[in-house]
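For reference, the structure is listed below as structure tokens.
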Amino acid sequence: MADDFKVTPWEVTGDIDYDVLMKRFGTAPIDDALLKRISKYAEPHPMLRRGIFYTHRDFNVILDEYEKGNKFYLYTGRGPSGNTHLGHIMPWIFNKWIQDTFDVNMLFQMTDDEKFLFKDLNVEDTRKMAYENALDFVALGFNPDKTKIIVDTENVKTLYPIALRVAKKVTYSTAKAVFGFDGESNIGRIFFTSMESAPAFLPSEIEGKPTNVLIPAGIDQDPHFRVTRDVAPGLKYPKPSLLYCKMCPGLNGGDKMSSSDENATIYTTDTPKQVKKKVGRAFTGGCVSVDEQREKGGNPEICAVFKYNYYLFEHDDAKLNEMADKCRRGEILCGECKVALTQKINVFLENHQAKREEAREIVKNMTFEGFKW
Ligand code: TRP
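Just remember that this note's numbering sits 264 ahead of the position in the sequence shown, which is counted from 1.
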């Protein structure tokens, strides 16, 4: 059934129908008119052209204000619960493109408190992961003069007064309806959405005037930001705008790359050998024999290797289409595609891992209000 799936910030199950999800959440499509408007600033990023970032809330407002000379802040984040994988950095790459295109300030929130409350981890674990994950974020090359990393347990003194005011406006009934909490949910979880809301309002405090915020994120975060937007007018803050992307698929053909299936997940710290092995085992949906594949062709729509090219590793539309056509005609086989993807990923990771080492110095100066790692 098309609507037999679930997407919440903490759980994604079933086959996601992204159009159904957009209707369920009530977000607007990123249509041709909006893409055209974005083209005034830069050639739309492949993730926009290809419908990976496919839905939004009030992105027009961000552009209207920008055109009047009012710069927005970017805000995104990460719940540090484990090593960074390609699914995590996909929206960060897009955030970097927005920062470069519009030359704006950016806040990156690391919700170590969230992961403590929702996972079987202690605060030392989540704190350590926050640092490791921050290296991956910094490695992508965000402007060090315009980007600050927030760690909730470090910056709580600034976040808490905002979070408190949010919390006072959100009832338990709302939290229950939006997130599905029940009598067994610990009370920290019920409060948490206030902490994720705080950086959406922080720029207005920093600037001392109402300041628009754009949040590019995975669509699974929308439940938080629906709450954030609902309380904004009552707190005299602008409602944040959102740009949402689809979940990065797993190598196993699943809808979401997840650390619960290590073999279907590429971590930023993987070695070339590990990448080769994981891509080698990826789901392609190809035929069982070479002869059959040559005759019937493959199906790029369901192929995880193709999806990786589509989502992240082949920016050239013409090359991507040629890849799909050749596959359908049986002119290229899964083995060849896997070798080519392995190589692309390894080139990317080699560069990323070098940048990640350099980030150890840079990250020291990128902490919000100067906390020490
Ligand atoms: N809750 C997010 C996660 O688990 C982390 C996060 C905090 C976030 N603030 C955000 C993600 C803003 C996107 C946008 O990964």
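Glycine included, each C-beta is placed from N, C-alpha and C at the ideal position. The structure presented is a predicted model; accordingly, all values stated were derived computationally and were not measured.
Comparing alpha-carbon positions, which option in the options lies nearest residue i?
{"i": "Phe317", "options": "Trp356, Cys551, Phe443", "result": "Trp356"}
{"i": "Ala398", "options": "Asp384, Thr422, Phe372", "result": "Phe372"}
{"i": "Glu556", "options": "Cys591, Lys335, Glu565, Val387", "result": "Cys591"}
{"i": "Asp468", "options": "Lys440, Phe456, Pro502", "result": "The sequence given here places Ser at residue 468; Asp does not occur at that position. Closest option to Ser468, Cα to Cα, is Pro502."}
{"i": "Glu565", "options": "Gly518, Lys542, Asn610, Thr535", "result": "Gly518"}
{"i": "Met533", "options": "His616, Asn585, Asn516", "result": "The question names Met, yet the displayed sequence has Thr at residue 533. The residue with the shortest Cα to Cα distance from Thr533 is His616."}
{"i": "Thr458", "options": "Ser449, Gly447, Val420, Gly472", "result": "It is worth fixing the name first, because residue 458 is Ser in this sequence and not Thr. Ranking the options by Cα distance to Ser458, first place goes to Val420."}
{"i": "Lys602", "options": "Thr631, Phe547, Arg624", "result": "Phe547"}
{"i": "Val415", "options": "Tyr575, Phe380, Gly315", "result": "Phe380"}
{"i": "Phe341", "options": "Ile353, Lys541, Glu331, Asn347", "result": "Before going on, a small fix: residue 341 reads as Gly here, not Phe. Taking only the C-alpha atoms, the option nearest Gly341 is Ile353."}
{"i": "Glu595", "options": "Leu605, Ala618, Arg558", "result": "Arg558"}
{"i": "Leu597", "options": "Glu614, Ser553, Phe612, Ala394", "result": "Ser553"}
{"i": "Asp486", "options": "Met511, Lys304, Gly472, Gly498", "result": "Met511"}
{"i": "Pro480", "options": "Arg391, Asp446, Phe336", "result": "Phe336"}
{"i": "Leu499", "options": "Lys537, Asp525, Lys432", "result": "Lys432"}
{"i": "Lys332", "options": "Thr475, Asn563, Ile626", "result": "Thr475"}
{"i": "Arg429", "options": "Ala496, Thr375, Phe382", "result": "Ala496"}
{"i": "Ala282", "options": "Leu605, Gly351, Lys520", "result": "Ala is not the amino acid found at residue 282; the sequence shown has Tyr there. Selected option, being the one with the closest Cα: Lys520."}
{"i": "Ser522", "options": "Val276, Ile454, Lys440", "result": "Val276"}
{"i": "Asp409", "options": "Gly550, Met370, Val539, Ile294", "result": "Met370"}
{"i": "Phe323", "options": "Thr435, Asp296, Gln607, Leu478", "result": "Leu478"}
{"i": "Thr272", "options": "Pro308, Lys440, Leu338, Tyr339", "result": "Lys440"}
{"i": "Ile470", "options": "Ile426, Phe269, Phe406, Ile454", "result": "Ile426"}
{"i": "His320", "options": "Met286, Phe577, Met587", "result": "Met286"}
{"i": "Tyr339", "options": "Tyr305, Arg391, Leu576, Phe406", "result": "Phe406"}
{"i": "Glu396", "options": "Pro344, Thr422, Phe382", "result": "Pro344"}
{"i": "Asp484", "options": "Val442, Ile454, Glu448, Asn516", "result": "Val442"}
{"i": "Phe577", "options": "Gly351, Ile302, Gly550", "result": "Gly351"}
Is residue i near residue j, with beta carbons less than 9 Å apart?
{"i": "His579", "j": "Pro310", "result": "yes"}
{"i": "Gly514", "j": "Ala568", "result": "yes"}
{"i": "Gly452", "j": "Asp377", "result": "yes"}
{"i": "His349", "j": "Ile609", "result": "no"}
{"i": "Arg620", "j": "Ala403", "result": "yes"}
{"i": "Leu327", "j": "Leu312", "result": "no"}
{"i": "Ala462", "j": "Pro504", "result": "no"}
{"i": "Phe358", "j": "Arg490", "result": "no"}
{"i": "Tyr572", "j": "Leu613", "result": "no"}
{"i": "Thr422", "j": "Glu625", "result": "no"}
{"i": "Ile294", "j": "Gly315", "result": "yes"}
Confirm the yes/no value for this check: CB of residue i, any heavy atom of the ligand TRP, distance under 8 Å.
{"i": "Met270", "result": "In the sequence as displayed, the identity of residue 270 is Lys instead of Met. No, since every heavy atom of the ligand TRP falls outside the 8 Å radius drawn around the Cβ of Lys270."}
{"i": "Thr225", "result": "No statement about residue 225 is possible, as the shown extent of the chain runs from 265 to 637 and does not include it."}
{"i": "Arg391", "result": "no"}
{"i": "Tyr572", "result": "no"}
{"i": "Lys379", "result": "yes"}
{"i": "Gly351", "result": "no"}
{"i": "Gly343", "result": "yes"}
{"i": "His488", "result": "yes"}
{"i": "Thr340", "result": "yes"}
{"i": "Gly482", "result": "yes"}
{"i": "Pro355", "result": "yes"}
{"i": "Gln485", "result": "yes"}
{"i": "Ile454", "result": "no"}
{"i": "Ile479", "result": "yes"}
{"i": "Pro497", "result": "no"}
{"i": "Pro463", "result": "yes"}
{"i": "Glu695", "result": "As displayed, the chain neither begins before 265 nor continues past 637, which places residue 695 out of reach and without an answer."}
{"i": "Pro467", "result": "no"}
{"i": "Pro564", "result": "no"}
{"i": "Pro273", "result": "yes"}
Give me the DSSP bridge partner(s) of residue i.
{"i": "His349", "result": "Tyr531"}
{"i": "Glu600", "result": "Glu600 pairs with nothing; no bridge assigned."}
{"i": "Asn293", "result": "Correcting the residue identity first, residue 293 is Pro in this sequence and not Asn. Paired residues: Thr319."}
{"i": "Leu371", "result": "Tyr339, Lys412"}
Between residue i and chain B, is there a C-beta pair that is closer than 9 Å?
{"i": "Ala464", "result": "Annotation note: the requested chain B is absent from the structure, which comprises a single protein chain."}
Quick one: which unbroken alpha helix (DSSP H) runs of 4-plus residues sit fully inside the segment 298-334? Chain order, please. Listed in chain order, the alpha helix (DSSP H) runs fully inside the segment 298-334 are 310-313, 323-331, counting runs of at least 4 residues.
In chain order, which beta strand (DSSP E) runs of at least 3 residues are fully inside the segment 374-435? The qualifying runs are 411-415.
Every unbroken alpha helix (DSSP H) inside the segment 520-596 [4 residues or more]: With a minimum length of 4 residues, the continuous alpha helix (DSSP H) runs that stay inside the segment 520-596 are 536-544, 554-560, 568-572, 581-592.
Could I get the ranges of all uninterrupted alpha helix (DSSP H) runs contained in the segment 457-529, with 4 residues as the minimum, in chain order? List check, alpha helix (DSSP H) in window: 486-495.
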